[in-house]
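J.: Numbered per my numbering, the sequence shown spans residues 847 to 1131. The beta-carbon is built from N, C-alpha and C at its ideal position, and this holds for glycine as well. Here the structure is a predicted model, which means the values were calculated and not measured.
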Amino acid sequence: MYYGAIEAGGTKFVCAISNDQLEVIERISIPTTTPHETLNQVFTFFDQFSLKSIGIGTFGPIDVNKNSETYGFVTSTPKPGWSHFNFLGAVKERFNVPIAWTTDVNAAAYGEYQKGNAKDNKSCLYLTVGTGIGGGAIINGEILEGFGHPEMGHILVRPHENDSYRGKCPYHHNCLEGLASGPAIEGRYGKKGFELETEDEVWELEAYYLAQALVDYTVILRPEKIILGGGVMKQKQLFPLIRNEFAKIMNSYLPTPDLNQYIVSPGLGDNAGIIGCLLLGSAQK
Ligand code: ADP
Ligand code: ZN
């Protein structure tokens, strides 16, 4: 018997199974196309194994309210075919096992909390900076949710006086995601992030926006650790720039852990999400 995990991203789905120790035994990556096509491949993968549970961490927004009629649905995504799709329902129909359902970043936050860089903490926040920006928080072992799940990428930030880029978010233009996601960098400079590695001003501006967001999350939640993942954070030079900018904005107002320990990369690397999914699935009754 195995534990199953689905980390559903806008560009790819990663599916994995693990043994009882939650060690990944097999994994596959499937490009995200239509729900039907993508899930057929997911099902074919899991059909090979006898499963105890499945944990799903998905791109969103999604409905996580168990009392809602559309619990388990992807809600308002621009991704063709996925908007108002009953994702959890489709997996439930196929596999009669306990299934955990949450966002990709909640799953990653949970993975880091249990087994990664926040394993000695009581709280943490995980932010991904990739195609989109999203965040999840764990407080005393619980995933933070209220009316819905957080959408931390869509907070408003102060535009830099020298930044005339309009912003990429179709809903808010210059929210954090609109100004600091991978596609925003590409939209502003006409090149992909990895091609701009040596352009200092690109990363200074990026840090200017991300640090504002981290100050906001800090004053609202006071987490013990902030973990930054996603493709854009592969630019490791961002970490000291963000910490510097964070200190400037915070201006000694609040104590935080040492910033070198507070603003960090994922201890589980790119596996944070999948391990979080395995853990959440295995904890389902
Ligand atoms: P996703 O968000 O789709 O799950 P990623 O977290 O890998 O996937 O994010 C993809 C985005 O991150 C793209 O916009 C890409 O240009 C950017 N990105 C990926 N790798 C790098 C890199 N090494 N440096 C800067 N930007 C990167
Ligand atoms: Zn937005």
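#1: Report the option in Gly1075, Ile852, Gly850 and Ala1057 whose CA atom is closest to the CA atom of Asn1097.
#2: When burial is assigned at 16 or more other CB atoms within 10 Å of the CB, is Thr880 buried or exposed?
#3: Give a yes or no on contact between the region 956-967 and the region 1070-1080, applying the rule of three or more CB pairs nearer than 8 Å.
#4: With a CB to CB cut of under 7 Å and the five nearest residues on each side skipped, what residues in its chain are close to Asp909?
#5: What span of residues does the alpha helix (DSSP H) with Trp1049 cover, start to end?
#6: Residues in the same chain with beta-carbon distance under 7 Å from Gly1113, minus the five sequence neighbours each way, listed in chain order, please.
#7: Taking 6 Å as the limit, tell me which residues put their C-beta closer than that to any heavy atom of the ligand ZN, in chain order.
#8: Write down the C-beta distance between Ile874 and Asn865 rounded to the nearest angstrom, noting that I regard them as a contact closer than 8 Å.
#9: With DSSP as the reference, label Leu885 as helix, strand or coil.
#10: Under a Cβ-count criterion, where at least 16 other Cβ atoms within 10 Å of its own Cβ denotes burial, should Lys1082 be classed as buried or exposed?
#11: Which whole-angstrom value is the C-beta distance of Gly1127 and Ile945, which I expect to be below 8 Å?
#12: At 4 residues or longer, and completely inside the region 913-961: list those alpha helix (DSSP H) runs for me, N to C.
#13: For the structure I just gave you, are there three or more beta carbon pairs, one from the region 932-943 and one from the region 1104-1112, closer than 8 Å?
#14: Per the DSSP calculation, Gly1013 is bridged to which residue(s)?
T.: Taking the geometry as given:
#1: Put simply, of Gly1075, Ile852, Gly850 and Ala1057 the residue whose alpha carbon is nearest the alpha carbon of Asn1097 is Ala1057.
#2: exposed
#3: They touch, by the three-pair rule.
#4: Thr916, Tyr917, Gly918, Phe919 and Thr921
#5: For Trp1049, the enclosing alpha helix (DSSP H) starts and ends at Asp1046 to Leu1067.
#6: Excluding sequence neighbours, Gly1113 sits near Glu958, Gly962 and Asn963.
#7: His1000, Cys1015, Tyr1017, His1018, Cys1021, Glu1023 and Gly1024
#8: Contact flag wrong, Cβ pair sits at about 17 Å.
#9: helix
#10: Note on Lys1082: under 16 other CB atoms within 10 angstroms of its CB, so exposed under the neighbour-count rule.
#11: 7 Å
#12: 933-940 and 950-961
#13: no
#14: Looking at the DSSP assignment, Gly1013 forms no beta bridge with any residue, so it has no partner.
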